[in-house]
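Visitor:
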Ligand SMILES: Cc1ncc(C[n+]2csc(CCOP(=O)(O)OP(=O)(O)O)c2C)c(N)n1
Ligand SMILES: [Mg+2]
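Protein chains in written order, with the numbering used here: chain H, 108 to 432; chain E, 62 to 414.
1. Expressed to the nearest angstrom, what Euclidean distance is found between the alpha-carbon atoms of residue 230(E) and residue 173(E)?
2. Any heavy atom of ligand 1 closer than 7 Å to the CB of residue 149(E)?
3. So who's on the other strand from residue 171(H), going by DSSP bridges?
4. Should the segment 173 to 192 of chain H be called in touch with the segment 120 to 131 of chain H, which here means at least 3 C-beta pairs below 8 Å?
5. At what residues does the alpha helix (DSSP H) containing residue 236(E) begin and finish?
6. Please give me, in chain order, every unbroken run of the alpha helix (DSSP H) with length at least 4 that falls completely inside the segment 245 to 303 of chain H.
7. May I have a chain-ordered list of the alpha helix (DSSP H) segments no shorter than 4 residues that lie completely inside the segment 245 to 325 of chain E?
8. Given that residue 255(H) touches chain E, what residues does it touch there, using C-beta distances under 8 Å?
9. What alpha helix (DSSP H) runs, 4 residues minimum, are completely inside the segment 366 to 390 of chain E?
10. Can you look up residue 428(E) in the DSSP assignment and give me helix, strand or coil?
11. In angstroms with no decimal places, state the Cα-to-Cα distance between residue 308(H) and residue 161(E).
12. Would you decide whether residue 109(H) is buried or exposed? Buried here means 16 or more other CB atoms lie within 10 Å of its CB.
13. With distance defined between alpha-carbon atoms, name the residue in 294(E), 217(E), 349(E) and 329(E) nearest to residue 317(E).
14. Note down the Cα distance separating residue 399(H) from residue 406(H), rounded to an integer number of angstroms.
15. Would you be able to state if there are at least three C-beta pairs under 8 Å between the segment 361 to 378 of chain E and the segment 277 to 285 of chain E?
16. Identify the continuous alpha helix (DSSP H) that holds residue 124(E) and give its terminal residues.
17. Beta-carbon within less than 6 Å of residue 241(E)'s beta-carbon, same chain only, minus the 5 sequence neighbours each way: which residues are those?
18. When the cut-off is 8 Å and only beta carbons count, does residue 109(H) lie next to chain E?
19. Considering only the alpha carbon of each residue, which of 192(H), 317(H) and 252(H) lies closest to residue 121(E)?
20. Cβ closer than 8 Å: which chain E residues qualify as neighbours of residue 461(H)?
21. With a threshold of 8 Å between beta-carbons, can residue 304(H) be considered close to chain E, or not?
22. Using a Cβ-Cβ cut-off of 8 Å, state whether residue 426(H) counts as contacting chain E.
23. Which one or two residues does DSSP pair with residue 397(E) in a beta bridge?
24. Do you know how far the Cα of residue 321(E) is from the Cα of residue 292(E)?
25. Going along the chain, which residues put their C-beta within less than 6 Å of some heavy atom in ligand 2?
26. Taking 7 Å as the limit between beta carbons, can you name the residues of its chain near residue 144(H), skipping five residues before and five after?
27. Any C-beta of chain H sitting closer than 8 Å to the C-beta of residue 399(E)?
28. Identify whether residue 315(H) lies in helix, strand or coil by the three-state DSSP scheme.
29. Given that residue 404(E) touches chain H, what residues does it touch there, using C-beta distances under 7 Å?
30. Which two residues bound the contiguous alpha helix (DSSP H) that contains residue 221(E)?
31. Please go through the same chain and pick out, in chain order, the residues whose beta-carbon is closer than 6 Å to the beta-carbon of residue 291(H), but skip the five residues on each side of it.
32. Do the segment 70 to 89 of chain E and the segment 97 to 117 of chain E touch if we need at least three Cβ pairs shorter than 8 Å?
33. DSSP three-state label for residue 242(E), please.
34. Is any heavy atom of ligand 1 found at a distance shorter than 7 Å from the C-beta of residue 181(H)?
35. Exposed or buried, residue 278(E), counting other C-beta atoms within 10 Å across all chains shown (16 or more means buried)?
36. Between residue 289(H) and residue 92(E), is the Cβ-Cβ spacing less than 8 Å?
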């Protein structure tokens with residue numbers, strides 16, 4: 108990180124991770140207010156994936172996600188106010204209050220939808236890439252997915268079709284070792300890597316450290332070049348760890364499906380703190396810039412909550428709106 | 062001695078324990094079945110008691126796992142496949158509707174498919190469009206399936222055991238808002254036969270047919286109507302297929318009035334089936350047009366501001382009954398008592414799921 112470009116990228120990755128963390132911590136802190144009346148799945152601990160991918164994407168590339176997609180939405184440039192308003196069920200929300208935390212969309216930012224049925228956006232994201240192919244354009248589609256989605260048949264059907272037509276799609280798989288409270292050991296054979304499932308379909312597949320934003324960014328940059336050049340779809344398996352409970356604001360290491368020691372070992376590898384150390388060691392950490400950034404973020408987040416809580420709810424008379432186009 | 066009362070969720074757990082104890086061929090499988098949350102408390106402790114080869118987790122593979130469960134049933138086992146939401150089971154519709162439902166018939170009665178597929182219907186706290194679909198009517202449409210949808214703790218246990226002991230595929234539907242509701246549940250083994258409706262409250266002025274959670278609202282409505290001197294008969298249609306048409310027809314012949322309260326949508330649904338049965342077999346008995354109290358014809362919105370206007374309540378049933386009696390509408394029917402939060406199953410609920 109000696110060049111100024113590298114330094115700037117480092118700081119931008121750091122800031123994007125920090126933004127996601129601050130937003131999600133605010134959601135966690137304020138969840139008990141009972142004004143966000145929907146399930147929330149937080150990515151705290153997994154921010155490096157979203158940040159590394161988000162900053163590698165071209166602004167006009169497309170992305171889709173799942174139940175745990177606040178970070179993906181923000182990293183793609185999704186509007187913070189619209190997301191917080193959505194969690195509050197307001198008409199100003201990104202789905203006009205019809206969706207909630209598990210349903211995010213920002214068409215202007217190229218975030219074309221997140222839904223909470225595991226694996227369901229994978230074929231639809233491949234379809235975005237198919238649309239690029241049919242219309243001879245060069246945007247790449249990203250399918251954000253958890254490792255459990257590789258267990259759904261639809262992932263395999265989608266990967267096969269993407270491979271068949273060398274569609275410009277990158278599968279970004281966050282392997283955080285768990286599906287709800289079920290460890291990988293009860294879901295996939297111990298002698299197989301998640302990655303190999305993608306290789307079986309002829310995808311270019313790479314493992315990566317999902318807690319290192321720079322590594323994610325480099326992998327994603329190459330993946331995008333590969334996919335955009337129509338050399339075929341790419342699958343990235345990024346190992347990381349969810350800090351909080353599967354759904355909700357609390358910590359849950361005490362309930363028995365994982366150990367406090369495992370959590371602490373991953374927390375030791377906090378993507379943000381670890382990266383900050385790296386930036387400091389490289390002499391590129393900019394105290395003043397970061398302090399100002401945090402201050403701005405806190406203000407923006409507070410304003411987003413204030414705006415959401417002051418915004419009107421959808422009117423009862425609009426219940427039947429939007430059923431048909 | 063007062064009869065023992067336990068919750069619907071505990072009743073399901075007891076039903077499982079009873080079935081697992083009595084028949085070594087029974088096993089439970091599903092995402093999160095042995096996890097610390099115990100499937101809303103319905104499977105807690107069962108893996109510890111019966112072992113990991115009888116109570117087990119599975120990959121996130123609803124479609125394939127359904128077929129795998131079917132194959133094991135053909136080959137001597139009696140599986141119960143569990144889905145935390147009906148919406149997740151929708152990934153497996155070929156296996157449920159085109160395979161499980163058909164094998165006995167299309168192979169000339171040579172094979173049996175003794176499986177139970179359990180699905181939870183979500184509601185409230187932002188469950189929204191993809192975690193709350195009440196599609197029981199879909200399953201009721203399909204010959205070869207049995208469809209059970211108990212509303213009480215007693216029936217939950219008795220029908221679950223009956224479903225497990227049945228030689229046909231049974232779709233077993235539980236509304237999430239019933240899990241905490243308590244009621245009398247006998248200890249030990251008993252069954253409630255699949256295919257019978259339950260008289261939940263006798264009356265002579267109007268028949269209220271209710272499905273699943275709406276039975277609670279219907280009983281509440283009947284209590285309110287009683288204060289106005291109207292005696293409503295409430296029928297709990299805990300079995301959608303086979304359907305006990307006789308109980309419905311006998312009641313309507315007696316009361317001459319019908320209101321159907323379904324936890325699902327009206328169009329092409331169970332409420333339409335009930336009206337059709339009456340139109341075909343008892344139309345001369347009706348003295349007023351029947352009424353349906355169902356979900357509005359749109360997906361479930363997440364915002365509580367919309368969801369509060371989405372789910373029908375006892376007041377809507379009362380209003381529908383007034384219509385069948387030719388009484389004037391009373392806006393106070395739909396009033397919500399101060400402090401009641403309509404998107405929570407009970408006051409203790411604080412989210413997140
Ligand atoms: C088809 C389907 N099955 C089950 C669920 C319940 N569910 C919600 S999130 C989740 C975990 C999925 O794990 P993973 O894909 O690894 O994502 P993570 O939660 O770890 O981010 C499950 C099983 C669902 N939403 N959809
Ligand atoms: Mg996971």
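Note that the Cβ used here is the ideal one computed from N, Cα and C, for glycine as well. Only a predicted model underlies this, so the values are computations on that prediction, with no experimental measurement involved.
Guide: Short version:
1. The sequence position of residue 230(E) within the second chain is 169, counting from 1. The sequence position of residue 173(E) within the second chain is 112, counting from 1. Across the structure, residue 230(E) and residue 173(E) are spaced so that their CA atoms are roughly 9 Å apart.
2. Sequence index remark: in the second chain, residue 149(E) carries index 88 (1-based). At least one heavy atom of ligand 1 is nearer than 7 Å to the Cβ of residue 149(E), so yes.
3. Residue mapping note: residue 171(H) aligns to position 64 of the first chain, counting from 1. Its beta-bridge partners are 250(H).
4. These segments touch.
5. Taking the first residue of the second chain as 1, we reach residue 236(E) at position 175. Counting along the chain, residue 236(E) falls outside any alpha helix (DSSP H), though it belongs to the beta strand (DSSP E) covering 231 to 236.
6. The qualifying runs are 260 to 271.
7. Taken in chain order, the whole alpha helix (DSSP H) runs of length 4 or more contained in the segment 245 to 325 of chain E are 275 to 288 and 306 to 316.
8. Numbered from 1 along the first chain, position 148 holds the residue referred to as residue 255(H). Under the 8 Å cutoff, chain E gives 120 and 121.
9. If we require 4 residues or more, the alpha helix (DSSP H) runs fully inside the segment 366 to 390 of chain E come out as 375 to 385.
10. Here chain E comprises residues numbered 62 to 414, so residue 428(E) is not present and cannot be evaluated.
11. On the first chain, position 201 is the one that residue 308(H) refers to. On the second chain, position 100 is the one that residue 161(E) refers to. Between residue 308(H) and residue 161(E), the alpha-carbon positions lie close to 30 Å from each other.
12. The residue labelled residue 109(H) in the question sits at position 2 within the first chain. Low confidence applies here, because residue 109(H) scores a pLDDT of 49, under 50, leaving its location unreliable; read the following figure in that light. Counting Cβ neighbours within 10 Å, residue 109(H) comes out exposed, since fewer than 16 surround it.
13. Position 256 of the second chain, counted from the start, is the residue given in the question as residue 317(E). For residue 317(E), the nearest C-alpha among the options comes from 349(E).
14. Stepping through the first chain from its first residue, residue 399(H) is reached at position 292. Stepping through the first chain from its first residue, residue 406(H) is reached at position 299. So the two alpha carbons sit approximately 11 Å from each other.
15. In short, these stretches touch, since the Cβ pair count reaches three.
16. Numbered from its first residue, the second chain carries residue 124(E) at position 63. Residues 123 to 135.
17. Locating residue 241(E) in the second chain gives position 180, where the first residue counts as 1. Hits under 6 Å: 68 and 407.
18. Counting from one through the first chain, the residue named residue 109(H) turns up at place 2. Reliability fails at residue 109(H), whose pLDDT of 49 lies under 50, so the model's placement of it is uncertain and no value is given.
19. Counting from one through the second chain, the residue named residue 121(E) turns up at place 60. Cα-wise, what sits closest to residue 121(E) is 252(H).
20. Within the shown structure, residues of chain H are numbered from 108 to 432, placing residue 461(H) beyond reach of any answer.
21. Stepping through the first chain from its first residue, residue 304(H) is reached at position 197. At least 8 Å separates the CB of residue 304(H) from every CB of chain E.
22. Residue mapping note: residue 426(H) aligns to position 319 of the first chain, counting from 1. At a cut-off of 8 Å, the C-beta of residue 426(H) has a neighbouring C-beta in chain E.
23. Mapped onto the second chain, residue 397(E) falls at position 336. DSSP, once it has assigned bridges, lists no residue as partnering residue 397(E).
24. Taking the first residue of the second chain as position 1, residue 292(E) is located at position 231. Taking the first residue of the second chain as position 1, residue 321(E) is located at position 260. A direct Cα-Cα distance of roughly 16 Å separates residue 292(E) from residue 321(E).
25. Ordered by chain, the residues meeting the criterion of a beta-carbon within less than 6 Å of a non-hydrogen atom of ligand 2 are 253(H), 254(H), 255(H), 283(H), 285(H) and 286(H).
26. Here residue 144(H) refers to the residue found at position 37 of the first chain. A distance below 7 Å between beta-carbons, with the five flanking residues on each side excluded, links residue 144(H) to the following residues of its chain, in chain order: 196.
27. Position 338 of the second chain, counted from the first residue, corresponds to residue 399(E). So no, residue 399(E) is outside the interface.
28. Here residue 315(H) is taken as the residue at index 208 of the first chain, counted from 1. Residue 315(H) falls in the strand class under three-state DSSP.
29. On the second chain, residue 404(E) is found 343 positions in, with the first residue counted as 1. Simply 144.
30. Position 160 of the second chain, counted from the start, is the residue given in the question as residue 221(E). In this chain, the alpha helix (DSSP H) harbouring residue 221(E) covers 214 to 226.
31. Here residue 291(H) refers to the residue found at position 184 of the first chain. Result list for residue 291(H): 284, in chain order.
32. The segment 97 to 117 of chain E and the segment 70 to 89 of chain E touch, with three or more beta-carbon pairs separated by less than 8 Å.
33. The residue given as residue 242(E) occupies position 181 in the second chain. Looking at residue 242(E) - three-state DSSP - the assignment turns out to be coil, as it is neither helix nor strand.
34. Taking the first residue of the first chain as 1, we reach residue 181(H) at position 74. No; taking the cut-off as 7 Å, the Cβ of residue 181(H) has no heavy atom of ligand 1 nearer than that.
35. Indexing the second chain from 1 puts residue 278(E) at position 217. It is buried - the Cβ of residue 278(E) has at least 16 other Cβ atoms within 10 Å.
36. On the first chain, position 182 is the one that residue 289(H) refers to. On the second chain, position 31 is the one that residue 92(E) refers to. Cβ distance < 8 Å, so residue 289(H) and residue 92(E) count as in contact.
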